[in-house]
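Enquirer: Residue numbers (our numbering): 156 to 661.
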Amino acid sequence: MAPSGLYEKYRPRISEVAPAIINGKREAALSDERVSVINPADGTQLLEIVEADEAQVNHAVGRARDAFLRGSWSRAPLLERQAVLSRAANLVRENAEELAVLDTMTTGLTFAGATHGQAQAAAGWFDYFAGFLLNMGDDLYRQIPHVQTTVTRNPVGVAALFTPWNIPLMGAALKLGAALSMGNSAVIKPSEQSPLGTIRLVELLHEAGLPEGVLQLVNGRGAVTGAALAGHADVDLISFTGGEGAGRIISRMAAERFAKITMELGGKSANIIFDDADYDRALDGAIMAIYANNGAACLAGSRILVQNSIADKFIADFADRAKAIAIGDPFDPATELGPQSSKAHMDRVLSFKDKVRDEGGEIILDGARVPTLGEGFYISPTVSVAISNRNAVCQEEIFGPFATFLTFETEEEAVQIANDTRFGLAGYVWSDNLQRAMRVADALRTGYVLVNSPMVRERNAPFGGYGHSGIDREGGRWSLDFYSEAKTTVIPFRDFAVPTMGKSKE
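1) Which partner residues does Tyr533 have in the DSSP bridge list?
2) May I ask you to report which of helix, strand or coil DSSP gives Phe560?
3) What do you get for Asp509, buried or exposed, if any count of 16 or more other CB atoms within 10 angstroms of its CB means buried?
4) For Asn309, collect the residues of the same chain with a Cβ closer than 7 Å to its Cβ; drop the 5 residues on either side in sequence, then sort them by chain order.
5) Would you check if the stretch 454-471 and the stretch 231-243 touch, i.e. whether three or more CB-CB distances between them fall below 8 Å?
6) DSSP on Glu419, reduced to helix/strand/coil?
7) Compare the C-alpha of Asp435 against each of Leu520, Ser608 and Glu188 and name the closest.
8) Mind checking Leu329: buried by the 16 CB within 10 Å criterion, or exposed?
9) Could you check which residue in Arg189, Asp197 and Asn178 has the C-alpha nearest to that of Thr527?
10) Quick one: using the 10 Å Cβ neighbour count with 16 as the cut-off for buried, is Thr199 buried or exposed?
11) Within 10 angstroms of its Cβ, does Gly381 collect 16 or more other Cβ (buried), or is it exposed?
12) If we count Cβ pairs, one from each stretch, closer than 8 Å, do we get three or more for the stretch 415-424 versus the stretch 347-366?
13) With 16 as the cutoff for other CB atoms within 10 Å, does Glu419 come out buried or exposed?
14) Taking all protein chains shown into account, decide if Glu163 is buried (16 or more other Cβ within 10 angstroms of its Cβ) or exposed.
15) Going by beta-carbon coordinates alone, are Ser406 and Asp430 separated by less than 8 Å?
16) So for Arg458, helix, strand or coil by DSSP?
17) Considering only DSSP beta bridges, list what Asp294 is partnered with.
18) Using CA coordinates, which residue listed in Ile519, Asn448, Ala410 and Phe473 is at the minimum distance from Pro494?
19) Indicate whether the contact test is met: 3 or more Cβ pairs, each with one atom in the stretch 353-363 and one in the stretch 175-182, closer than 8 Å.
20) Who are the near neighbours of Asn588 in its chain, counting only those whose CB is closer than 6 Å to its CB and skipping five residues on each side?
21) Could you tell me the distance, in whole angstroms, from the CA atom of Gly657 to the CA atom of Pro366?
22) Measure how close the beta-carbons of Leu520 and Ala573 come, nearest whole angstrom, since I'm counting them as under 8 Å.
23) Along the chain, where does the alpha helix (DSSP H) containing Thr259 start, and where does it finish?
24) In chain order, which beta strand (DSSP E) runs of at least 3 residues are fully inside the stretch 346-400?
25) Note the first and the last residue of the continuous alpha helix (DSSP H) segment covering Tyr603.
26) Below 8 Å on the Cβ atoms is my guess for Val611 versus Ala596; work out the distance and round it to an integer in Å.
27) Would you mind stating whether Gly620 and Gly602 have Cβ atoms separated by less than 8 Å?
28) Secondary structure at Gln275, three-state DSSP: helix, strand or coil?
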């Protein structure tokens, strides 16, 4: 199948049933419910997961709680935790090929993208949090005379981690690196569409020396396994990356017991291109911002706002470039756009073409299923022009290779259009006028703004969004704040005159 031979190399190593990992060992799920994991490149079943029911989730959370209370990790010296995370980073690099293959098999992401954007990025996150531990110390204050106030960070407890299908390894490493570095125990539930890379990642963490019980993995659908995990009374904090609907349900569950929660739920990001931008760079950036990662990126620049004076040429040039994107086997080094993750997702992406036409818009490049690529879920890019930002294609997250153009005349109009959305995850600004770029970046109601740049992620910076794009932030110290509790301890180093309430004044 794959020109590289990587699929054939690793396919025989995949078991027929994906295991849970409890106390560091593969464990069969206890229920009879099975869910197929499909290879999107050819539509065939790779394996099944046996869905973890409430009983197995209870078992996993219980073991994580026991490990937390034992203290082998939660009270371990920072340098011990640092050493484990550092070894994990090295093991991820050593096994990067296998990890990338597993993600490519289940997501349809190109192998090149899965290697750099998933496996290598995962190693980088473990390195980052390991390095953070080397430099982390208590905060000391002496503003009150003769009193030392110390602020320390303590682990919270058991974290429930939910990762999405489109960034399996990177998403898992970000959450696991942060949660484990602070001394928490964790139960992770990968997407039922793409569990393989995360299963292997959890095994590598145990090989790196993570104590037994600290990390558990359960498989299953959100409505069953996810609900049991998010609603569990012994889960102290929840980190969820996924869809808006599931996020709403999980936030209600967390609110019932005041569990800490962080959520990244998606976006409908505006990519604003002014007529004074570097035209060729803006064109390159606009193509990448929507078609990278098979179009399945939460910060995709899916609404492309182009100033009127360059709009006709820019849209035509964009469509010509999109038409030339190489679609094919995700293991082929020449491939730029792999298959969609599932047939249902493919059909949903294509359904938005009818919505464009129904609302009076125009299809410039008519994306469709590629018949020459067999039963895989391959579709060619779509380019559309909407007549209003209120159209469905401008308000709904499509999560596929589907670009929508809008035009504007003034800077103020561009900002108004960009902010006219319930989401607020990311925004892009292309202009060689630095003052204009700074004004627009400041005016955008988004959590992440990229100026004259495609997708770049700084690990020290927070990532998250306004509005329906989520709650709180991940990355850098923002992750560490979420995964820890601050404790203030006050110690005087001279005796205080303590008021003598209730004592006889004689």
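All C-beta atoms, glycine included, are put in the ideal place defined by N, C-alpha and C.
Expert: On the basis of the supplied data:
1) Against the sequence shown, residue 533 aligns to sequence position 378. Tyr533 pairs with nothing; no bridge assigned.
2) In the sequence shown, the residue the question calls residue 560 occupies position 405. Here Phe560 sits in strand by DSSP.
3) Translated into the one-based positions of the sequence shown, residue 509 becomes position 354. Looking at its Cβ environment, which holds fewer than 16 other Cβ atoms inside 10 Å, Asp509 is exposed.
4) Position 154 of the sequence shown holds residue 309. Hits under 7 Å: Ser639, Glu640 and Lys642.
5) no
6) For the purposes of this step, residue 419 is identified with residue 264 of the sequence shown, where counting begins at 1. If DSSP states are grouped into helix, strand and coil, Glu419 belongs with the strands.
7) Locating residue 435 in the sequence shown gives position 280, counting from the first residue. It is Ser608 whose Cα lies nearest to the Cα of Asp435.
8) Looking up residue 329 in the sequence shown gives position 174. With 16 or more other Cβ atoms within 10 Å, it is buried.
9) Numbered from 1 along the sequence shown, position 372 holds the residue referred to as residue 527. Nearest of Arg189, Asp197 and Asn178 to Thr527, Cα basis: Asp197.
10) Start at 1 with the first residue of the sequence shown, and residue 199 comes out as number 44. Flag for Thr199 reads exposed.
11) As a working mapping, residue 381 is identified with position 226 in the sequence shown. When all chains shown are included, Gly381 counts as buried.
12) no
13) Taking the first residue of the sequence shown as 1, we reach residue 419 at position 264. Answer is buried; the Cβ neighbour count reaches 16.
14) Reading the sequence shown from its first residue, position 8 is the one you call residue 163. Its Cβ having fewer than 16 others within 10 Å, Glu163 is exposed.
15) Counting from one through the sequence shown, the residue named residue 406 turns up at place 251. Counting from one through the sequence shown, the residue named residue 430 turns up at place 275. It is not a contact, given that the beta carbons lie outside the stated cut-off.
16) For this step, residue 458 is matched to residue 303 along the sequence shown. In the structure shown, Arg458 sits in a strand (DSSP, three-state: E or B).
17) Here residue 294 refers to the residue found at position 139 when the sequence shown is read from its first residue. Bridge partners of Asp294: Val306.
18) Start at 1 with the first residue of the sequence shown, and residue 494 comes out as number 339. Checked all of Ile519, Asn448, Ala410 and Phe473; the closest Cα to Pro494 is Asn448.
19) yes
20) In the sequence shown, residue 588 corresponds to position 433, counting from 1. Only Asp431 meet the Cβ criterion.
21) Here residue 657 refers to the residue found at position 502 when the sequence shown is read from its first residue. Here residue 366 refers to the residue found at position 211 when the sequence shown is read from its first residue. Distance between the alpha carbons of Gly657 and Pro366: 52 Å.
22) Translated into positions along the sequence shown, residue 520 becomes position 365. Translated into positions along the sequence shown, residue 573 becomes position 418. Their Cβ separation, rounded to whole angstroms, is 23 Å, which puts Leu520 and Ala573 out of contact at 8 Å.
23) One-based indexing of the sequence shown puts residue 259 at position 104. It spans Ala251 to Thr262 - the alpha helix (DSSP H) in which Thr259 sits, taken as one unbroken run.
24) 370-372 and 392-396
25) Your numbering for residue 603 matches position 448 in the sequence shown. Segment Tyr603 to Val606 is the beta strand (DSSP E) holding Tyr603; no alpha helix (DSSP H) there.
26) Stepping through the sequence shown from its first residue, residue 611 is reached at position 456. Stepping through the sequence shown from its first residue, residue 596 is reached at position 441. That pair is no contact at about 14 Å.
27) Locating residue 620 in the sequence shown gives position 465, counting from the first residue. Locating residue 602 in the sequence shown gives position 447, counting from the first residue. Yes; because the gap between Cβ atoms is below 8 Å, this pair is in contact.
28) As a first step, residue 275 must be located in the sequence shown, where it is residue number 120. In this structure, Gln275 counts as helix in the three-state DSSP scheme.
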